[in-house]
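In the working numbering, the protein residues as written are 19 to 548.
Laid out in structure tokens, this is it:
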């Protein structure tokens, strides 16, 4: 009869759902994350992508809190070069926050996985939990781009059901090289990535000459350089041009150049200002608890890389000043408030019980936020991403660059000049994009070019989505980029977001996993018993 036929259909669906799941069950995170007491409404996976016999890249995948079958998939890469993307997961846009020396883990209400499933990939091999078996860490930009391209193919082999979702790739800092180069490969690989829709870069390092000169201008106009020293350097080195047109970069490589010393002193002045050069507004009041800053180790890697890059071109070792503004390394002083802690998340990631939950083998190196081996041996092949970015724009995918305007390193001037010189047709000049819930409403400025958006985030630094900077504004930017909205469009409130994801209990009890196949199976049993 009709009822019996219906029961057979339901049983068939239950079996089909169970058998057709192509997700890598060995990578599914089924145990609670240590120290996390809250419940999650999304699933997670963690494991390895074999890009070669010698290189395995670690990924941590956090499904969307919305609909995993419809919401975009986003790859996130941190920069360095040589820094782990788990910093993005735990300090910036990801769903978790770690504090109290790794003893407290909470959820992030401004997580970007409210609207997209996000892959946090440790790259290149040797970074974070990723592995380089042969111990060779002299990566080039092209090798990293090729490895990341292979890694994305391997990821979609593990998750073939996500090939129908829109795909975006995003990153920050030295990912200003990683992301455009990978985007160019994905855009040209239409056979494997027809779903590739766009790329975004935050505070990216995209042109060495513009970066060097703009750092000096930015530092001077923010009052961090002595006036006499600056004007004497301009008079000596700028050959009658204005200070804003002066090419100090051309004097930075040859020690015999009469302006070599001036170029080096001005370029590094922001590191000796007594301020955090990656977020000039950051202050930690030692008598109260505020938000946690980004990892000092990532800043150190970026500083060291830029210096070594200059040294390699000069053919010598550059001697730099000792920064007396902050002589005490405070990362592990338990008497300081939370705002003075830098590496709580690293301590958490080093816990053996968490490594087991994340499927990290025992023979994999201990977690560090940035790999000195990778950073010290990295070979920066390109000093300008202009041609690569123009190629990506020409492919028709969406492109966005954004900058926190309080980063003095990969600064807003550098990126603004870079975008303007690409030669793209401008749709509209810089205008405010807004949050109607704040006064003044302006979040920053938005310049639209044909195929590319450039946004600034007022009062943010190098890590715009971190708690100490502008997480709410960054989420609004991300949401509207993937949705194709005007950037002033408000973000839906959490309670209005439809969630069809898995519900997972992360308390100390055994996790409760409810998905479609389980629900259908229970329904089948119920109907058969009727």
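Each residue gets a CB set at the ideal place from its N, CA and C atoms; glycine is no exception.
This structure is a prediction, so every number in the text was calculated from the model and none was measured.
Annotated three-state conformation of residue 408 is helix, per DSSP. By the Cβ neighbour-count rule, residue 239 is exposed, with fewer than 16 other Cβ atoms within 10 Å of its own.
Residue 43 is not a Cβ neighbour of residue 151, given a cutoff of 9 Å.
Residue 300 and residue 293 have their C-alpha atoms spaced approximately 8 Å apart. For the options 499, 169, 252, 393, the alpha carbon positioned closest to that of residue 415 is the one of 499. In this structure the segment 46-54 lies against the segment 123-139, because at least three pairs of beta carbons, one per stretch, are closer than 8 Å. The criterion of a C-beta distance shorter than 9 Å is not satisfied by residue 397 and residue 195. The C-alpha of residue 86 lies about 26 Å from the C-alpha of residue 419. Its Cα nearest to that of residue 503, the residue 451 stands out among 451, 141, 210, 459. Under the DSSP assignment, residue 397 falls outside any alpha helix (DSSP H); it carries neither an H nor an E label. Per DSSP, the continuous beta strand (DSSP E) segment holding residue 190 begins and ends at 185-190.
Taking the Cα positions, residue 99 is about 37 Å away from residue 454. Judged by DSSP secondary structure, residue 145 falls outside any alpha helix (DSSP H); it is assigned neither H nor E. DSSP lists 63, 137 as the beta-bridge partner residues of residue 79. Taking C-alpha positions only, residue 303 is separated from residue 487 by approximately 16 Å. Around the beta carbon of residue 231, a 10 Å sphere encloses 16 or more other beta carbons of the protein chains shown; the residue is thus reported as buried. Partner residues in the beta bridge of residue 123, as assigned by DSSP, are 54, 116. Bounds of any beta strand (DSSP E) do not take in residue 385, whose DSSP letter is neither H nor E.
Between residue 146 and residue 296 a beta carbon distance of about 20 Å is seen, past the 8 Å cut, so the two are scored as non-contacting. Under the criterion of beta carbons closer than 8 Å, residue 181 and residue 213 qualify as touching, at roughly 6 Å. With contacts defined by Cβ atoms closer than 9 Å, residue 429 and residue 229 form a contacting pair.
Residue range 460-467 is occupied by the beta strand (DSSP E) that includes residue 460, with no alpha helix (DSSP H) assigned at that position. Ranked by Cα distance from residue 434, the options 166, 219, 206 are led by 219.
Beta-bridge partners of residue 446 (DSSP): 466. Closest by C-alpha distance to residue 468, out of 408, 426, 178, 381, is 408.
Inter-segment contact for the segment 182-193 and the segment 432-449 is absent: fewer than three beta-carbon pairs are separated by less than 8 Å. Looking at the DSSP output, residue 220 bridges to 190, 420. Residues of the same chain with a CB within less than 7 Å of the CB of residue 160, apart from the 5 flanking positions on each side, are 399 in chain order. Beta-bridge partners assigned by DSSP to residue 234: none are found. Under DSSP, residue 94 shares a beta bridge with 138, 188.
Taking C-beta atoms as the reference points, residue 403 and residue 199 count as a pair closer than 9 Å. For residue 501, the enclosing alpha helix (DSSP H) begins and ends at 489-501. Using a C-beta cut-off of 8 Å, the segment 468-484 makes no contact with the segment 269-285, since fewer than three inter-stretch Cβ pairs fall below that distance. Minimum Cα-Cα distance from residue 204 among the listed residues 221, 185, 497 corresponds to 185.
Taking residue 372 as the centre and dropping the five residues before and after it, the same chain places the C-beta of 52 closer than 6 Å to its C-beta, in chain order.
With at least 16 other beta carbons inside 10 angstroms of its own, residue 81 counts as buried.
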